[in-house]
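Asker: Straight run, no breaks: the sequence shown in this note's numbering ends on number 1034.
Backbone N, C-alpha and C fix where the C-beta goes; we use that ideal spot for every residue, glycine too.
If you're wondering where the values come from, they're calculated on a predicted model, not measured in any experiment.
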Amino acid sequence: MKSLIKFLLFNIFFLLFLSCSQENNKEKYKIGFSQAMTTDNWRREMNKEMRVEASMHPDLNLEIKDAENHIAKQITQIEGFIEEKVDVLIVSPIQSIPITPVIEKAMNAGIPVIIIDRKIEGRNFTAYVGANNIEIGRNAAKYIISHSKGEARIIEITGQEGSSPAFERSTGFKNTLDSVPVLQITHTLRGDWEKASIKEPLSSLLDSVPAPDYIFAHNDRMAMGAWEVARSKSLEKEISIIGVDGLFGPNGGIQMVKDGLLDVTLLYPTGGSEAIKLASDLINGENIDKYNILRTVVIDSVNVGIMQNQFNKMNQQQNDIEKQQAFIESQIKTYNSQSNLIKIMIVLSLLLLALTSWSIYLVIKIKKSKRELEINHKKIIIQRNQIEDFAEKLKLSNESKINFFTALSHEFKTPLTLITSSIESISDKPEKDLRGITNETNLIINNSKRLLRLINELLDFRKLESGTFNLKPVRTKIIPFLSSITEDFRAEALKRSINLSFTANGKDTEIYVDSDMIDKVFFNILSNAFKFTPKNGSISIEVKEFENEVCIYFKDSGIGIPKEELTKIFNPYSQASNNSKPSSGLGLYITKQFVELHKGKISVSSHQGAEFKICLLKGKAHLSEYQLSEMEIETGARSEYNLPEPITSVELNEEDQGDEHAESILIIEDNIDLSGLLKSRLGKEYRIFLSDGSDGVDKALEIIPDVIICDLNLPDKTGFEICRILKNDLRTSHIPTIILTALSDPESEIKALRSGADYYITKPFSFDILMESIKSALYNREKLRYYYTNKIDQVSEEDFDSSEQSFLKELNSYIEANLRNPEFSVEELAANLGISRVQLYRKVKALLGISVNEYINAQRLGKARNLLQDSSMNISEIAYEVGYSSPGYFSTSFKNKYGVSPKHFKS
Ligand code: FRU
């Protein structure tokens, strides 16, 4: 496109240049005119005529050079024209002989030459233009002959010697007069065409001879000179003067005749316009005459008026023509400049067009590139989003895998803890007690089963992931099969008062299933139902047979599944957010995969509780050839491990709190086996309170136990949260807390300690270590208490950690403010602190080992001791000051505490 524009521009300028140069080339023919001189009007008139005529020929370019009456100059100028190679040369020679060679030179150079007015020697020129000068001389003579009466004397004044008109006029004049002897040319004066050349000689002549009758001057200018001389001698009336040229105009011959200065003038046309016409004809290749003789006319008093009129008209016409010519020229100039302007405008328009096209092209191109860019940008954004999505999914997948393995390892830890603790317990027992170990062995068996199930789930998952699971279909009576699995849960249902129902609309329906897989599927769904259904709830299994399929509906009255999580529930590693129960997160994934291996469908909904629907196809059409070849004829036995684990394995009696003076421990743990085991083992020394985590904080506030043992993975609130709440609550902040968790990573330990935990024990744990930790916590608390009990009146807030500090600060400030008030009660104090009387009692007891009353008393007596030491108050005054209504009672109390009476103490 760029090169196209360049090409276009080049062409436009080229055309413009051509058209302009064509304009100039119209004046291509040059005419060179060498004028003898321009001092007189006749010559000026000749030049004017030439110019006017040339202007009628736009193809002619006329150049006039003035030789100024110098022959050498005229020759040089003519040579210049020859060199220039003018198309036509016009010459009006000054003299004939000297100019002839250069005219021949021009002719030899192939330049046509037109001679005007005066002649050259010979005939070597192209054409001649001029009047017949012999005839002019003759006409002058004829005039004299016709006007003279008898004898007459004549003086002839000639033109310049060597110029043809002078010679020819003289010849014609003389020859004619010769025939009339009475008419005599008495004198001949030689002039140079100008009056100055003859005035002197004529004046002298007239002084010496009688006045002539006639003077014939070869031109009007010299005739004028003659008249002036005659007049100077008052002879003007006596002498008739004849001139030549007959120029029109103020000083011209016609005017002189009219004014009576001259008798006659002989018209001698300049031939200027004729010369140009001839030149044009020559240029146009037309044949022209060699001699072009112009007419002459005798102008005397008779015809001078007519002539003047004619010349006037001619002159007017000439002027009109000139005006028109000038107008045409200006029009042409205007036309030329306008046409150039138009051309420039056309060029500019074309340029504009080209530039506009170029701009449009660029705009389109830019738009196209912009569109492409936008498309690319969109593509990049889509790709970026895809990458981000992918990264996000990958992140989520990784997170769920990590969560899965963490959760799974916790899953392993709790049963392992229970198994090891049970074995420890068995090994600690003396041989005689080994008979009553059913509890421990049950724990070992149940938790081993649980581990086995977890491991089997893992193996199934592996197999599913690697795609190596092969369906081994068996013709199975699905209703008894399902009923048998349901029956396995009957005992559990009874134990937890769950209404377990099984209904079916047939009983002999046979379908082809891999019994092992379907066993796991049903078991899994039922286990989940039991896991999430509370005591006194209900679980129903309903089998419905349709034309092509059998559908089983499992419905429970448990906690259900949040709606937005229903789609994710079958993903591996996933667990509903409201499910804090131990789980691998694989069960439902495996279930779905197994159902789909049977080309069956599984779906879930949740209204009040969860409802699973599994549909399995009837017939064999959905089985592949390979699966059919693998088909087993007999119904497979159900796997041993799939027998359900009891949800509760240890009978807990939360009311059984043991020795009421023993220290209390609150165990916050959702694994019933573990909390049962802990209760059974710690219960021998301590009063045990249990919480499954849902009411951990409430129980702690209610009991204000001496020690709290707390798991981290709990439903409702995590162990971290429980710990933080209790440690930030005045009523419980002092209670030593032991975290018992499967989370063994340092981050969790740090988090727990920051939440205020005092001890951090990881599962599987040694029971002895747990026991030692409890003892150490209680001992430390005791040590502190002992210390403060003995210096109770000096206890300051700084002695405690920050939460206890603020408690004591508040406590002290209330006591201080009410020290003088003997009525100040514990209830009032507790109310001021915003806690109950019991909580205040337990808090103060736990912190300081004494009752609130004892603490208030200690404060009163401490203050009294200070007053006894530092003030001038008497004992009674001091007793009232510290809130004793009786000085006697004050003295007794003081003596009891400090071993001396106030009186002695003061002295
Ligand atoms: C003009 C002139 C005329 C005359 C002619 C002859 O220069 O002197 O007056 O007729 O030349 O060549």
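Please find out if some non-hydrogen atom of the ligand FRU comes closer than 7 Å to the beta-carbon of G286.
Answerer: As a working mapping, residue 286 is identified with position 159 in the sequence shown. The answer is yes for G286.
Asker: When the Cα atoms are used, what is the spatial distance from K192 to R280?
Answerer: Here residue 192 refers to the residue found at position 65 when the sequence shown is read from its first residue. Here residue 280 refers to the residue found at position 153 when the sequence shown is read from its first residue. Approximately 42 Å, taken between the alpha carbons.
Asker: What's the call for Q382, buried or exposed, on a 16-neighbour Cβ count within 10 Å?
Answerer: Along the sequence shown, read from residue 1 onward, the residue named residue 382 stands at position 255. It is buried - the Cβ of Q382 has at least 16 other Cβ atoms within 10 Å.
Asker: Can you tell which of F531, K522, E501, N573 has its C-alpha closest to the C-alpha of T547?
Answerer: Looking up residue 547 in the sequence shown gives position 420. Ranking F531, K522, E501, N573 by Cα distance to T547 puts N573 first.
Asker: Count the other CB atoms within 10 Å of the CB of T864; is the residue buried (16 or more) or exposed (fewer)?
Answerer: Locating residue 864 in the sequence shown gives position 737, where the first residue counts as 1. Per the 10 Å Cβ criterion, buried.
Asker: Under 7 Å from any heavy atom of the ligand FRU, does the C-beta of P292 make it?
Answerer: Locating residue 292 in the sequence shown gives position 165, counting from the first residue. It does: the Cβ of P292 is within 7 Å (strictly closer) of some heavy atom of the ligand FRU.
Asker: How big is the Cα-Cα spacing for E272 and G398?
Answerer: Working through the sequence shown from its first residue, we reach residue 272 at position 145. Working through the sequence shown from its first residue, we reach residue 398 at position 271. Reading off the sequence, residue 272 comes out as Ile, not Glu. Going from the Cα of I272 to the Cα of G398 covers about 29 Å.
Asker: Determine the burial state of P661: buried for a count of at least 16 other Cβ atoms within 10 Å of its Cβ, exposed for fewer.
Answerer: Numbered from its first residue, the sequence shown carries residue 661 at position 534. With fewer than 16 Cβ atoms within 10 Å of its Cβ, P661 is classed as exposed.
Asker: Which runs of the alpha helix (DSSP H) spanning at least 4 residues fall entirely within the region 924-997, listed in chain order?
Answerer: Complete alpha helix (DSSP H) runs here, min 4: 929-944, 953-960, 964-975, 979-997.
Asker: Secondary structure at N439, three-state DSSP: helix, strand or coil?
Answerer: Taking the first residue of the sequence shown as position 1, residue 439 is located at position 312. N439: helix per DSSP, three-state reduction.
Asker: According to DSSP, is N188 helix, strand or coil?
Answerer: In the sequence shown, counting from the first residue as 1, residue 188 sits at position 61. Note: N188 maps to strand in three-state DSSP.
Asker: Name the DSSP beta bridge partners of D427, please?
Answerer: Within the sequence shown, residue 427 is the residue found at index 300, counting from 1. BP columns for D427 point to V391.
Asker: Rounded to whole angstroms, how far is the Cβ of R969 from the Cβ of I831, which I believe are closer than 8 Å?
Answerer: On the sequence shown, position 842 is the one that residue 969 refers to. On the sequence shown, position 704 is the one that residue 831 refers to. Contact holds; Cβ gap of about 4 Å.
Asker: Is the separation between the beta-carbon of V834 and that of I862 shorter than 8 Å?
Answerer: The residue you call residue 834 lines up with position 707 of the sequence shown. The residue you call residue 862 lines up with position 735 of the sequence shown. Cβ atoms of V834 and I862: closer than 8 Å.
Asker: Write down every uninterrupted run of the alpha helix (DSSP H) in the region 821-880 whose length is 4 residues or greater and which is fully enclosed by it, in chain order.
Answerer: Within the region 821-880, the complete alpha helix (DSSP H) runs of at least 4 residues are 823-830, 846-854.
Asker: Which one of I508, L579, Q513 has the shortest CA to CA distance from P542?
Answerer: As a position in the sequence shown, residue 542 is number 415, starting the count at 1. The shortest Cα separation from P542 among I508, L579, Q513 belongs to L579.
Asker: Between the C-alpha atoms of W354 and S407, what's the straight-line distance to the nearest angstrom?
Answerer: Taking the sequence shown and counting its residues from 1, the one referred to as residue 354 is at position 227. Taking the sequence shown and counting its residues from 1, the one referred to as residue 407 is at position 280. Each residue's alpha carbon lies about 42 Å from the other.
Asker: Whose C-alpha, out of V731, Q720, S665, is nearest the C-alpha of I696?
Answerer: What you label residue 696 is simply residue 569 of the sequence shown in a count that begins at 1. Here the closest residue by C-alpha is V731.
Asker: Measuring only from the beta carbon, is Y395 closer than 7 Å to any heavy atom that is part of the ligand FRU?
Answerer: Indexing the sequence shown from 1 puts residue 395 at position 268. It does: the Cβ of Y395 is within 7 Å (strictly closer) of some heavy atom of the ligand FRU.
Asker: Comparing C-alpha positions only, which one of E210, P891, R250, L817 sits nearest to A233?
Answerer: On the sequence shown, position 106 is the one that residue 233 refers to. Checked all of E210, P891, R250, L817; the closest Cα to A233 is E210.
Asker: I need the boundaries of the alpha helix (DSSP H) containing S667, first residue and last residue.
Answerer: Against the sequence shown, residue 667 aligns to sequence position 540. Run containing S667: none in the alpha helix (DSSP H); it sits in the beta strand (DSSP E), 665-672.
Asker: Is it true that the CB of K745 sits closer than 8 Å to the CB of L755?
Answerer: Locating residue 755 in the sequence shown gives position 628, counting from the first residue. Locating residue 745 in the sequence shown gives position 618, counting from the first residue. No, Cβ-Cβ distance for L755 and K745 is not below 8 Å.
Asker: Could you check how far apart the C-beta atoms of I282 and L316 are, in whole angstroms? I think they sit under 8 Å.
Answerer: Translated into the one-based positions of the sequence shown, residue 282 becomes position 155. Translated into the one-based positions of the sequence shown, residue 316 becomes position 189. Contact holds; Cβ gap of about 7 Å.
Asker: Using the rule of at least 16 other Cβ atoms within 10 Å of the residue's Cβ for burial, across every protein chain shown, is A618 buried or exposed?
Answerer: Within the sequence shown, residue 618 is the residue found at index 491, counting from 1. It is exposed - the Cβ of A618 has fewer than 16 other Cβ atoms within 10 Å.
Asker: Hey, how far is the Cα of D347 from the Cα of S182?
Answerer: Along the sequence shown, read from residue 1 onward, the residue named residue 347 stands at position 220. Along the sequence shown, read from residue 1 onward, the residue named residue 182 stands at position 55. Going by the C-alpha atoms only, they are around 29 Å apart.
Asker: Might you give, ordered along the chain, the residues of its own chain that have their beta carbon closer than 6 Å to the beta carbon of S1013, omitting 5 neighbours on each side?
Answerer: Position 886 of the sequence shown, counted from the first residue, corresponds to residue 1013. There are no such residues.
Asker: Could you name the residues of the same chain whose beta carbon sits closer than 8 Å to that of Y768, not counting the 5 residues immediately before and after it, in chain order?
Answerer: Counted from its first residue, the sequence shown places residue 768 at position 641. Confidence at Y768 is low in this model, with a pLDDT of 44, below 50, so the placement of that residue should be treated as unreliable; the coordinate-derived value is given next. Cβ neighbours of Y768 beyond the five flanking positions: K576, L579, R580, N583.
Asker: Compare the beta carbon distance of G289 and S223 with 8 Å and say whether it is the shorter of the two.
Answerer: Here the question's residue 289 lines up with position 162 in the sequence shown. Here the question's residue 223 lines up with position 96 in the sequence shown. In this structure, S223 lies closer than 8 Å to G289 by Cβ.
Asker: Would you report the Cα separation of Q510 and S527, rounded to the nearest angstrom?
Answerer: For the purposes of this step, residue 510 is taken as the residue at position 383 of the sequence shown. For the purposes of this step, residue 527 is taken as the residue at position 400 of the sequence shown. About 25 Å.
Asker: Under the three-state reduction of DSSP, which class applies to K1030: helix, strand or coil?
Answerer: Position 903 of the sequence shown, counting from 1, holds the residue named residue 1030. Reduced to three states, the DSSP call for K1030 is helix.
Asker: From this set, L911, S275, P1029, which residue's C-alpha is nearest L994's C-alpha?
Answerer: If you number the sequence shown from 1, residue 994 lands on position 867. Closest by alpha carbon: P1029.
Asker: How many Å lie between L394 and A254 at the Cα?
Answerer: To locate residue 394, count along the sequence shown from 1; it is residue 267. To locate residue 254, count along the sequence shown from 1; it is residue 127. Taking the straight line joining both Cα atoms gives about 22 Å.
Asker: Find out if the Cβ-Cβ distance for the pair Q201, I230 is shorter than 8 Å.
Answerer: To locate residue 201, count along the sequence shown from 1; it is residue 74. To locate residue 230, count along the sequence shown from 1; it is residue 103. No, they are not a contact pair.
Asker: Evaluate contact between the region 716-726 and the region 643-652, counting only Cβ atoms and requiring at least three cross-stretch pairs below 8 Å.
Answerer: Because the criterion of three Cβ pairs below 8 Å is met, the region 716-726 and the region 643-652 touch.
Asker: Answer yes or no: the CB of V371 versus the heavy atoms of the ligand FRU, is any distance below 7 Å?
Answerer: Position 244 of the sequence shown, counting from 1, holds the residue named residue 371. Yes, Cβ of V371 sits closer than 7 Å to a heavy atom of the ligand FRU.
Asker: Within 10 Å of its beta-carbon, does I1035 have 16 or more other beta-carbons around it, so buried, or fewer, so exposed?
Answerer: Nothing can be reported for residue 1035, as the shown portion of the chain is limited to 128 through 1034.
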